[in-house]
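Undergrad: Per my numbering, the sequence shown starts with residue 764, numbered consecutively. Take a look at this one; I'll ask things after.
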Amino acid sequence: MATILKGAEVVAALNERIIGQVEALKEKGVNPTLGIIRVGERGDDISYERGAMKRCEKLGVGVKQYLLPADVDQATLLATIDEVNKDTGVHGVLMFRPLPKHLNEEEACQALDPEKDVDGITDGSMVGVFTGQKKGFPPCTPSACMEILDHFGIDCKGKKAVVVGRSLVVGKPAAMMLLKKNATVTVCHTKTVDMPAVCREADILIVAAGRAAVVDKEYFAPGQTVIDVGINVTEEGKLCGDCNFEDAEAIVDGITPVPGGVGTVTTSVLVGHVVEAAMRQTEK
764 MATILKGAEV VAALNERIIG QVEALKEKGV NPTLGIIRVG ERGDDISYER
814 GAMKRCEKLG VGVKQYLLPA DVDQATLLAT IDEVNKDTGV HGVLMFRPLP
864 KHLNEEEACQ ALDPEKDVDG ITDGSMVGVF TGQKKGFPPC TPSACMEILD
914 HFGIDCKGKK AVVVGRSLVV GKPAAMMLLK KNATVTVCHT KTVDMPAVCR
964 EADILIVAAG RAAVVDKEYF APGQTVIDVG INVTEEGKLC GDCNFEDAEA
1014 IVDGITPVPG GVGTVTTSVL VGHVVEAAMR QTEK
């Protein structure tokens, strides 16, 4: 039976570190603050927003909301982003996506100052991910994956790592972050030939396929550590990952649960990025 890599353990360690950093900043007169830009009233956005605000409050981080109607025009959205960029009291920004279809999302993302981009949506942040420079921040979800590996002492050096999915939100950044940890990385996607065989070769398997339980026993091998990024809802209304958990649990050495795994860690990573942004801006 696999060891269950629970997010709660990682969150506790992360929160302890963040609280210490927040206290140090406040001693310097800096109150780290997250700015939230939300357009419209999407239920999943509001749910995540509530969770982020609750975590910020717990860790001593301020929040400033910028709430815009769903029919907001591009000029108003860009003006709001410019306002946030210029507000020295806001250190990190979370802008919910996707934006309504009438808005130019790419233009809006690139208008955000990379120094305040705590969820990796700007080109500046992607430059940082791919070059290893401290420019912006990587997306929170692959960062959470790395935090889990670190917390449970899973050394990536020289290991074979396979990432299922090549999105800019998870797959590609995760691959770059694994490379930085000196893993040998393969990225699988819809055109990969014999994906199960490729995945079975992995020591570390990160799955961000975007489909419920699509990765089953054919993909797993003894000794693996599996990080399941997926969050899906079954016909019965239950949350599940992109991996068949029962199949994996019977074969691999360790796996993150869904719920209670990567998603649990992501919010603390977001707050951690805000605090790090405040530290960088204070140093400047």
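Note that CB positions come from ideal geometry on N, CA and C, so glycine has one too.
With contact counted as at least three CB pairs below 8 Å, one residue from each stretch, are the stretch 865–881 and the stretch 847–856 in contact?
TA: These segments touch.
Undergrad: Spell out the partners DSSP gives residue 911 in its beta bridges.
TA: For residue 911, which the question treats as bridged, DSSP gives no partner whatsoever.
Undergrad: Can you check DSSP and say which residues form a bridge with residue 851?
TA: The partner list for residue 851 (beta bridge, DSSP) is empty, contrary to what the question assumes.
Undergrad: With a threshold of 8 Å on Cβ separation, who are the neighbours of residue 893 within its own chain once the five nearest residues in sequence on each side are excluded?
TA: So the list reads 939, once near-sequence residues are dropped.
Undergrad: Would you please verify whether the beta carbon of residue 826 is less than 7 Å from any beta carbon of chain B?
TA: Looking at the structure shown, chain B is missing, and only one protein chain is on hand.
Undergrad: DSSP three-state call for residue 796: helix, strand or coil?
TA: Strand.
Undergrad: List the whole-angstrom C-beta distance separating residue 1030 from residue 814, where the pair is believed to meet the contact cut-off of C-beta under 8 Å.
TA: That pair is a contact at about 5 Å.
Undergrad: What is the residue span of the alpha helix (DSSP H) that residue 787 lies within?
TA: Note, residue 787: alpha helix (DSSP H), 770–790.
Undergrad: Once you ignore the five residues that flank residue 895 on each side, which residues in its own chain have a CB closer than 7 Å to its CB?
TA: Cβ neighbours of residue 895 beyond the five flanking positions: 943.
Undergrad: Quick check for students: name the residue ranges of the beta strand (DSSP E) that lie wholly in the stretch 983–1013, counting only runs of 3 or more.
TA: With a minimum length of 3 residues, the continuous beta strand (DSSP E) runs that stay inside the stretch 983–1013 are 988–991.
Undergrad: Do the stretch 918–930 and the stretch 783–790 touch if we need at least three Cβ pairs shorter than 8 Å?
TA: The stretch 918–930 vs the stretch 783–790: no contact.
Undergrad: From residue 957 to residue 951, what does the alpha carbon distance come to, in whole angstroms?
TA: So the two alpha carbons sit approximately 10 Å from each other.
Undergrad: Taking all protein chains shown into account, do 16 or more other C-beta atoms lie within 10 angstroms of the C-beta of residue 910, making it buried, or fewer, making it exposed?
TA: So residue 910 counts as buried.
Undergrad: Could you check the C-alpha separation between residue 777 and residue 933 for me, to the nearest Å?
TA: When rounded, the distance between both Cα atoms is 20 Å.
Undergrad: How many Å lie between residue 1001 and residue 812 at the Cα?
TA: In a straight line, the C-alpha of residue 1001 is about 21 Å away from that of residue 812.
Undergrad: For the beta strand (DSSP E) that residue 949 lies in, which residues bound it at each end?
TA: It spans 947–951 - the beta strand (DSSP E) in which residue 949 sits, taken as one unbroken run.
Undergrad: Provide the residue span of the beta strand (DSSP E) that contains residue 933, from first to last.
TA: Where residue 933 is concerned, there is no enclosing beta strand (DSSP E), given that its DSSP letter is neither H nor E.
Undergrad: Between the C-alpha atoms of residue 1045 and residue 905, what's the straight-line distance to the nearest angstrom?
TA: Taking the straight line from one Cα to the other gives about 26 Å.
Undergrad: Would you tell me roughly how many angstroms separate the C-alpha atoms of residue 770 and residue 996, rounded to the nearest one?
TA: So the alpha carbons of these two residues sit roughly 19 Å apart.
Undergrad: Determine the closest residue to residue 851 out of 876, 768, 926 and 780, with distance taken between C-alpha atoms.
TA: Of the listed residues, the one whose Cα sits closest to residue 851 is 876.
Undergrad: Leaving out five residues before and five after residue 808 in sequence, what residues of the same chain have Cβ atoms less than 8 Å from its Cβ?
TA: Around residue 808: 801 and 859.
Undergrad: Is residue 868 near residue 862, with beta carbons less than 7 Å apart?
TA: Result yes, Cβ atoms of residue 868 and residue 862 sit closer than 7 Å.
Undergrad: Leaving out the 5 sequence neighbours to the left and right, which residues in its chain are closer than 6 Å to residue 947 when beta-carbon positions are compared?
TA: 923, listed in sequence order.
Undergrad: Classify residue 767: buried if its beta carbon has 16 or more other beta carbons within 10 angstroms, exposed otherwise.
TA: It counts as exposed.
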